[in-house]
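Asks: Residue numbers (this note's numbering): 266 to 721. Backbone N, C-alpha and C fix where the C-beta goes; we use that ideal spot for every residue, glycine too. Treat the numbers as computed from the prediction; the structure is a model and nothing was measured.
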Ligand code: SF4
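(1) Closest by CA to residue 684, which one among 522, 622, 657, 582?
(2) Helix, strand or coil: how does DSSP classify residue 294 here?
(3) List in chain order the residues whose CB is within less than 5 Å of at least one heavy atom of ligand 1.
(4) For residue 207, is the classification buried or exposed, using 16 other Cβ atoms within 10 angstroms of its Cβ as the cut-off for buried?
(5) Just reading off the alpha helix (DSSP H) that residue 379 is part of, what are its end residues?
(6) Since residue 695 and residue 588 should fall inside the 8 Å C-beta cutoff, what is the C-beta to C-beta distance between them, to a whole number of angstroms?
(7) So, is residue 271 buried or exposed, given that buried needs 16 or more other C-beta atoms within 10 angstroms?
(8) What first and last residue would you give for the alpha helix (DSSP H) that runs through residue 312?
(9) What did DSSP end up calling residue 590 once you bin it into helix, strand or coil?
(10) Does DSSP put residue 560 in a helix, a strand or coil?
(11) Helix or strand or just coil, what does DSSP make of residue 721?
(12) So the beta strand (DSSP E) residue 651 belongs to, where does it begin and stop?
(13) Report the three-state DSSP secondary structure of residue 403 (helix, strand or coil).
(14) Should residue 704 go down as buried or exposed, given a rule of 16 or more other Cβ atoms within 10 Å for buried?
(15) Please classify residue 568 as buried or exposed, where buried requires at least 16 other C-beta atoms within 10 Å of its C-beta.
(16) Are the segment 418-438 and the segment 531-544 touching, with three or more C-beta to C-beta distances below 8 Å?
(17) Hey, quick one: how far does the beta strand (DSSP E) through residue 627 stretch, first residue to last?
(18) Counting Cβ pairs closer than 8 Å, one from the segment 403-417 and one from the segment 548-559, do we hit at least three?
(19) I believe residue 463 touches residue 429 by the beta-carbon criterion, under 8 Å. Please report the beta-carbon distance rounded to the nearest angstrom.
(20) For the segment 313-358, which segments carrying the beta strand (DSSP E) assignment without a break, of at least 3 residues, lie completely within its bounds, in sequence order?
(21) Alpha carbon to alpha carbon, how far is residue 707 from residue 448?
(22) Indicate whether residue 396 and residue 382 have their beta-carbon atoms separated by less than 9 Å.
(23) Go ahead and pull the three-state DSSP assignment for residue 368.
(24) Hey, would you say residue 439 sits closer than 9 Å to residue 275, going by beta carbons?
(25) Can you check DSSP and say which residues form a bridge with residue 285?
(26) Could you give the residue range of the alpha helix (DSSP H) that holds residue 525?
(27) Which residues does DSSP pair with residue 426 in a beta bridge?
(28) Consult DSSP for residue 277 and reduce its assignment to one of helix, strand or coil.
(29) Got a sec, what are the start and stop residues for the alpha helix (DSSP H) residue 487 sits in?
(30) Can you tell me which of the three DSSP states residue 744 falls into?
(31) Identify, in the order they occur along the chain, each residue of the same chain with its Cβ nearer than 6 Å to the Cβ of residue 638, setting aside the five sequence neighbours on each side.
(32) Of all the beta strand (DSSP E) runs that stay within the bounds of the segment 667-702, which reach a length of 3 or more residues?
(33) Given this structure, state the Cα-to-Cα distance separating residue 651 from residue 359, to the nearest angstrom.
(34) Grouping DSSP H, G and I as helix and E and B as strand, with all else coil, what is residue 512?
(35) Apply the 10 Å Cβ neighbour rule to residue 547 and answer buried if 16 or more other Cβ atoms are within range, or exposed otherwise.
Below, the structure written as structure tokens:
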């Protein structure tokens with residue numbers, strides 16, 4: 266029996282994996298894991314599907330007659346030769362990089378990917394961040410001094426949990442690693458706590474809330490600024506924030522939500538309260554204002570940095586010390602002049618950057634997942650060269666010249682560098698590889714590529 270953390274999503278559930286030779290017999294939640302407490306979701310079974318399924322196991326190269334299997338040496342040599350040539354002819358920004366979500370669930374990609382990116386030294390770097398959690402990171406950088414100084418709701422001790430635009434019953438938390446959410450919600454109710462959900466949709470989380478309030482999509486900033494105004498009526502200080510509050514009547518007209526004054530007062534009156542908002546508020550036009558206002562609500566009610574409120578995690582590996590604090594606007598996109606953040610341009614500019622001649626796509630499928638995917642696909646079709654690190658031929662990687670398949674999560678050691686820093690409890694879990702890595706595989710192709718002499 267192997268005991269590992271699931272690396273398929275932010276919840277990092279502890280798993281018990283029963284094996285027989287090189288195959289998986291069963292996957293169960295690990296009841297002894299102090300964070301996930303036996304929880305798992307149906308996705309965990311995909312670890313077996315990925316490991317035993319019809320994935321790529323050796324590098325492949327596109328030829329006029331179709332895909333051909335090649336050796337790792339040939340794959341790396343071919344890739345480096347092409348990237349070096351394009352870089353020499355057109356400069357470093359001619360090579361773009363797209364990193365998909367699984368990158369943050371791979372220890373090797375995180376520890377060695379940076380070296381590879383530094384070698385490329387391109388300004389055309391993209392990921393899913395700018396269509397996901399960027400407002401959280403920017404607010405953390407502006408308010409607390411570091412993009413990963415992210416306050417986490419203390420769900421296990423709060424009395425009043427206000428959730429705006431998030432569905433942790435399905436997601437098991439995002440920017441809040443909270444496996445076993447359903448039972449944690451029951452425990453909140455058992456201690457007479459309340460959960461209030463604001464969402465335009467009757468989500469799975471809304472269905473089990475004490476109150477669910479529908480809101481007009483994209484108007485959460487008005488709600489939050491009105492709540493701040495109500496709370497500041499009876500709170501001293503915060504003179505710089507006070508002028509930013511909006512009248513309750515106006516906010517109710519904008520949001521379509523009645524009872525904002527009561528919502529604010531109950532939040533302020535609770536012994537221990539915390540407000541949390543996720544993609545429903547952070548991927549909107551006023552996402553930055555919303556994430557800022559959520560933290561302001563926690564602060565002005567005395568619920569910041571205290572048990573039952575919003576707390577900073579204390580991970581064994583301190584992200585703050587090993588990552589940049591969130592530098593921004595050191596360069597801009599060519600066409601729309603949008604600023605970079607932490608070395609990345611908004612992914613919505615990927616299809617319009619004129620310098621791009623080659624791409625490195627790592628664990629991502631931007632043709633499906635980015636805005637205007639068909640336009641991204643047109644760009645990929647015209648590239649001089651593309652290499653993808655992926656175990657599948659998909660909508661994006663089918664445009665690659667070379668595909669480098671990584672090991673599966675069951676074939677490599679893992680320690681989660683990111684999500685312990687976002688977890689509702691402080692834990693640490695090292696996951697040894699369940700199966701030995703076959704000699705023909707590479708743990709993280711970026712590792713090998715980073716060692717390849719460069720430039721040629
Ligand atoms: S919730 Fe996430 S971490 Fe937990 S088992 Fe499902 S996919 Fe894995």
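Replies: Let me lay it out:
(1) 582
(2) strand
(3) 271, 273, 274, 276, 278, 305, 306, 308, 309, 437
(4) Residue 207 lies beyond the stretch modelled for the chain, which goes from 266 to 721, so this question has no answer here.
(5) 372-385
(6) Not confirmed; about 20 Å, so no contact.
(7) buried
(8) 311-317
(9) coil
(10) helix
(11) Annotation note: pLDDT 47 at residue 721 (below 50); position unreliable, coordinate value reported separately. The answer is coil: DSSP assigns residue 721 none of H, G, I, E or B.
(12) 650-654
(13) helix
(14) exposed
(15) buried
(16) yes
(17) 623-627
(18) yes
(19) 4 Å
(20) 325-328, 331-334
(21) 39 Å
(22) no
(23) helix
(24) yes
(25) 288
(26) 525-534
(27) 460, 539
(28) coil
(29) 485-497
(30) The first residue shown for the chain is 266 and the last is 721, placing residue 744 beyond what the model contains.
(31) 632
(32) 667-669
(33) 12 Å
(34) coil
(35) buried
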